[in-house]
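**Student:** Under my numbering, the first residue of the sequence shown is numbered 4, with each subsequent residue one higher.
Just dropping this structure here.
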Amino acid sequence: MVQNADIVIIGAGAAGIGAGMALTRLGISHIILEAKHRVGGRAYSETSSLGHLWDQGCHWLHSADENGLRFIAERIGHQFPSKPWSGKFQTFLNGSWTKSSIREDYVWALIEKIIAAGRAGEDIAAADLLYKSHPWYPMVRHWCQLLYSMDPENLSTGDAGNYTDTGINLPVQAGYGALIEKLSRYLQIQLNRQVTAITVTPKSVRVETSSGTIEAKACIVAVPARVLEIEKITFRPSLPQHLKQAFQDVPMGWYEKVAFAFDAPVFSGFEVPFVDVFDPVAADTKPLNFELHPFGRPIAIAHFGGGVAKELSARGEAVMKAFALETLVKAFGSDIQKRVVASAISQWTTDPAIGGAYSCAKPGKAKVRAVFSEPVHERVFLAGEHVHQHFMATCHGA
4 MVQNADIVII GAGAAGIGAG MALTRLGISH IILEAKHRVG GRAYSETSSL GHLWDQGCHW
64 LHSADENGLR FIAERIGHQF PSKPWSGKFQ TFLNGSWTKS SIREDYVWAL IEKIIAAGRA
124 GEDIAAADLL YKSHPWYPMV RHWCQLLYSM DPENLSTGDA GNYTDTGINL PVQAGYGALI
184 EKLSRYLQIQ LNRQVTAITV TPKSVRVETS SGTIEAKACI VAVPARVLEI EKITFRPSLP
244 QHLKQAFQDV PMGWYEKVAF AFDAPVFSGF EVPFVDVFDP VAADTKPLNF ELHPFGRPIA
304 IAHFGGGVAK ELSARGEAVM KAFALETLVK AFGSDIQKRV VASAISQWTT DPAIGGAYSC
364 AKPGKAKVRA VFSEPVHERV FLAGEHVHQH FMATCHGA
């Protein structure tokens, strides 16, 4: 195993693996160091918890008509649908199911309003464009939290407007995390090797780890932004002050999933795989989005983001599962509880190697994201979804 190389890459998530693939094509020697016991970072497919494959993190090939990872998946035979699902979301509203136009006519119209404001040059809080007294405001808030991992009062319209999406979004049937893992197999990766310090000298970079020091000509730091924000890695010289501030101005938000496996396909006959459960009458309502029976698997996956994800993560696994199951019972009845045979949660918020979901600029700070593209002390370069100014918050952006 190489101990010294031209380039050291820190982090074996999508960004680190992408950097390794690029350096391999260029014939530049490199080594990838990963603190966790696995590759993939926030792209993680697993089967052991439910007995069925599910993606705890990244799941969608966004802008799939021009997403390079889609073409790689095609080439290696990694399954995903050939075209987007064309049905209409169902909403459990006021005690019954409806193929309501709420999401398209109200919720999505306001999301588009946020994006349009950003593209028109406004960099304000998304919340300033919403109507908090409207009975469907909680649903709009919920979808802001899912799309941006941040509450609308902390979301920059400018950042939302900068995001580029062709609208062709395809879920990865064989697992997005599994795809990233496949791409890593021919790279030199050392797992369970945590980086503790990076020292930049006039001629090299010294990377101190839990099992020795590696010297290289340069270093690509491809760890989640929160790892750098809370200074889990010591830099010598220290990171420039404007970069430290950038991590405060464009922080990572929060996103979690709760998944349930059932003893049989309990949603058979329910043809819509994506639903929202929402009670606009209750004052304390928290809408919840579910994937039902993805690709025919007898599972359901609840999605929540922003402050809700942060709060529930802090309260622990039992509370997360109870919230999701209680919401599922509202829509499908109490008998569904008897059919649950396994459950699992993502733990991005509490994972010390991750610390959250994806990046989102605060109001007035959209332009700050460009700081992440600047070299650090001439030999250190950042990589990850937080660095990209148009594909942020995505695997292909990383």
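All C-beta atoms, glycine included, are put in the ideal place defined by N, C-alpha and C.
Computed from a predicted model, the values in this text were never measured in an experiment.
With C-beta atoms as the reference, is Ala8 less than 7 Å away from Ala225?
**Tutor:** no
**Student:** I need the boundaries of the beta strand (DSSP E) containing Phe307, first residue and last residue.
**Tutor:** 302 to 308
**Student:** Tell me which residues share the same chain as Val261 and place their Cβ nearer than 6 Å to its Cβ, disregarding the 5 neighbours each side in the sequence.
**Tutor:** Ala305, Met323, Lys324, Ala327, Ile348
**Student:** For the alpha helix (DSSP H) that Asn165 lies in, which residues bound it at each end?
**Tutor:** Counting along the chain, the alpha helix (DSSP H) containing Asn165 begins and ends at 160 to 165.
**Student:** Considering Cα atoms alone, identify which of Gln59, His55, Phe281 is closest to Trp100.
**Tutor:** Phe281
**Student:** Report the option in Ala119, His65, Leu150 whose CA atom is closest to the CA atom of Asn292.
**Tutor:** Leu150
**Student:** Tell me the rounded alpha-carbon separation between Ile183 and Gln176.
**Tutor:** 13 Å
**Student:** Which of the three DSSP states, helix, strand or coil, is assigned to Ala360?
**Tutor:** In the three-state reduction of the DSSP assignment, Ala360 falls in the coil class.
**Student:** Distance check for Thr199 and Gly43, CA to CA, integer angstroms please.
**Tutor:** Here the alpha carbon of Gly43 sits roughly 20 Å from the alpha carbon of Thr199.
**Student:** Measuring straight from C-alpha to C-alpha, what distance separates Gly308 and Tyr361?
**Tutor:** 10 Å
**Student:** Based on DSSP bridge pairs, tell me the residues matched to Tyr258.
**Tutor:** Paired residues: Gly308.
**Student:** Is there contact between the region 161 to 174 and the region 361 to 375, where contact requires at least three CB pairs shorter than 8 Å?
**Tutor:** yes
**Student:** Would you decide whether Thr397 is buried or exposed? Buried here means 16 or more other CB atoms lie within 10 Å of its CB.
**Tutor:** Per the 10 Å Cβ criterion, buried.
**Student:** Would Ser271 be called buried (16 or more neighbouring beta carbons within 10 Å of its own) or exposed?
**Tutor:** exposed
**Student:** Ignore the nearest five residues each way along the sequence and tell me which others in Gly14's own chain have a CB closer than 6 Å to its CB.
**Tutor:** Answer for Gly14: Ala225, Val226, listed in chain order.
**Student:** What three-state label does DSSP hand Val42 in the structure shown?
**Tutor:** Looking at Val42 - three-state DSSP - the assignment turns out to be coil, as it is neither helix nor strand.
**Student:** Do the region 185 to 202 and the region 167 to 175 meet, that is, are 3 or more Cβ pairs less than 8 Å apart?
**Tutor:** no
**Student:** Please work out which residues of its chain come closer than 7 Å, Cβ to Cβ, to His391, disregarding the five sequence neighbours upstream and downstream, and give them in chain order.
**Tutor:** Excluding positions up to five away in sequence, the list reads Gly400.
**Student:** In angstroms, rounded to a whole number, what distance separates the CA positions of Gly90 and Cys147?
**Tutor:** Taken atom to atom, the span from the alpha-carbon of Gly90 to that of Cys147 is near 21 Å.
**Student:** Applying the criterion that 16 or more other CB atoms from any shown protein chain within 10 Å of the CB defines a buried residue, is Ser214 buried or exposed?
**Tutor:** Counting Cβ neighbours within 10 Å, Ser214 comes out exposed, since fewer than 16 surround it.
**Student:** First and last residue of the alpha helix (DSSP H) that includes Trp146?
**Tutor:** From DSSP, the alpha helix (DSSP H) with Trp146 extends over 140 to 151.
**Student:** So, with DSSP's three-state summary, where would you put Ser99?
**Tutor:** Three-state DSSP puts Ser99 in a strand.
**Student:** At a cut of 8 Å, does the region 50 to 70 reach the region 229 to 241 through at least three beta carbon pairs?
**Tutor:** no
**Student:** Just to confirm, is the Cβ distance from Ala312 to Lys39 under 7 Å?
**Tutor:** no
**Student:** Taking Cβ to Cβ, would you say Met142 is nearer than 7 Å to Pro290?
**Tutor:** yes
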